[in-house]
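This report refers to the structure that appears directly beneath it.
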Amino acid sequence: MAVRNPEKAKLAATQMGFPKDRYSIMPLELESFESVRSFSKKLKATRNVDTLICNAALYLPAHQNPRYTNDGYEVSQQVNHLSHFLLVNELLPHVKRSKDPRIIIVGSITGNTNTVGGGAVWPWADLGKLNGLAEATDKGPAMMNGGTWNGAKAYKDSKLANMMTILEADRRFHDKTGVTFSTMYPGCIAETGLFRDKKPWFRKLFPLFMRYVTGGYVSESEAGERLAEVAMSDRCKKSGVYWGWNGAAKTVAYLKPGLDANSRGLTGAGGAGGSIEELPLSVEARDPEKARRLWELSAKAVGLPYDSNYVSPLHETAAEIAAKNGPKSLPGIPLPSFVPDSRGQLDKRAKEGTSSQFQGGRL
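Using UniProt numbering, you'd call the opening residue of the sequence shown number 1 and step up by one each time.
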């Protein structure tokens, strides 16, 4: 068990009745690259690793200002993406020795803009040209695209980066190592500590909303079973796949009646029950050039070798600057005039008076 607080982990293991000879506890603080390296070194020296599952995440929607780690990066960017990226690279040579080696980074529907959950709920995930990561210095740009700070978007961007990292790792390493690289969305686990930054009324009502209105709710135990399925089942040996479930998700089906589930952006919305499916990712998530740039920039950030051809800031148009900073950076254009599509580019909203239906990552 890789944990921030070993004492809490011991207590949890005891309460859940885990046999003491079936687990060990090792400290790991994802806010520190040094901690990630120390953990990896100790793990490789003492244990075999069959499967690496990267599941930790911070969600800070109520933070008005970014918080930075001692390494100089915005905390959710480092915890959710950069430290997982480093952990994967540190442990890959160890994992590949397994008979059935797998590396999984848990993604999210919120980072996938070709779905209702990711494309119909503002703010949208959008890494832009990754200039924030390219320009990052000590306490530099908090957002990966270099835009205005938004805690909810920082989380969604990190989930997009997680999924892109898995696809890029598959392209780079699967054929050479035999490691299966997977990402997945288990459904909305609405009662976890992930939502601790939300107000009390939200934490009380959100699980009810997800359970009885959208149907996207899934319990912690069922989410754990789904993660175990991706980690262990023969069906999930295919590499470079985003796995998900539809289950009880229902209300979003009414957004575009008459179309099949895939066309409505319904598939993979989560919810209890249902069977595992191989699901498509957004255009941005599947962009191999952007994924390579993300990889090289992430490698530079964590102190790994990188290709210098991919790490310089890129030119941005006025429209791209407006997309990442909001309408105030482009005077005269009100917010309703523009929304990002699944590529993270700008697109005109439908003419006044038309309905704003969700189509292919657009509103």
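For each residue, glycine too, the CB sits at the ideal point set by N, CA and C.
- Excluding sequence positions up to five before and after Glu-135, its CB lies within less than 7 Å of the CB of Pro-141, Gly-146, Pro-313, all in the same chain and listed in chain order.
- The three-state secondary structure of Arg-102, taken from DSSP, is strand.
- Secondary structure note for Ile-53: its beta strand (DSSP E) is the uninterrupted segment 51-54.
- Counting other Cβ atoms within 10 Å of its Cβ, Tyr-23 stays below 16 and is therefore classed as exposed.
- Ala-2 is bridged by DSSP to Met-26.
- With respect to the C-alpha of Asp-175, the residue from Thr-69, Lys-96, Ser-233 having the closest C-alpha is Lys-96.
- For Leu-297 and Pro-288, the gap between their C-alpha atoms comes out near 14 Å.
- Listed as beta-bridge partners of Trp-243 by DSSP are Met-184, Glu-278.
- Checking the DSSP bridge columns, you'll see Glu-74 partnered with Tyr-68.
- Out of Met-144, Pro-19, Gly-107, the CA that lies nearest to the CA of Lys-324 is found in Met-144.
- Scanning the region 279-314 for uninterrupted alpha helix (DSSP H) segments of 4 residues or longer gives 288-302, listed from N- to C-terminal end.
- With respect to the 8 Å criterion, Tyr-73 and Ala-291 are not classified as neighbours on the basis of their beta carbons.
- In this structure, Ala-231 and Ile-104 form a Cβ contact; the two beta carbons are roughly 6 Å apart against a cut-off of 8 Å.
- Counting C-beta atoms within 10 angstroms of its own C-beta, Lys-99 has fewer than 16 neighbours from the protein chains shown and is therefore classed as exposed.
- Counting only residues of its own chain and dropping the five nearest sequence neighbours on each side, Arg-4 has a CB closer than 6 Å to the CB of Glu-29.
- Its Cα nearest to that of Ala-319, the residue Lys-129 stands out among Ala-45, Lys-129, Gly-151, Ala-154.
- Straight-line measurement puts the Cα of Leu-91 at about 14 Å from the Cα of Gly-178.
- When secondary structure is reduced to three states using DSSP, Asn-162 falls in the helix class.
- Contact holds between the region 51-65 and the region 76-90, because three or more Cβ pairs, one in each stretch, are under 8 Å apart.
- Arg-102 and Cys-236 have their alpha carbons spaced roughly 10 Å apart.
- Nearest neighbour of Asn-89 by Cα position, chosen from Asp-234, Val-283, Arg-172, turns out to be Arg-172.
- In terms of CA proximity to Tyr-185, Val-218 leads the group Val-218, Thr-165, Ala-169.
- Pairing Thr-69 with Asn-114, the inter-Cα distance amounts to about 32 Å.
- The three-state reading of DSSP puts Pro-141 in coil, since its state is none of H, G, I, E or B.
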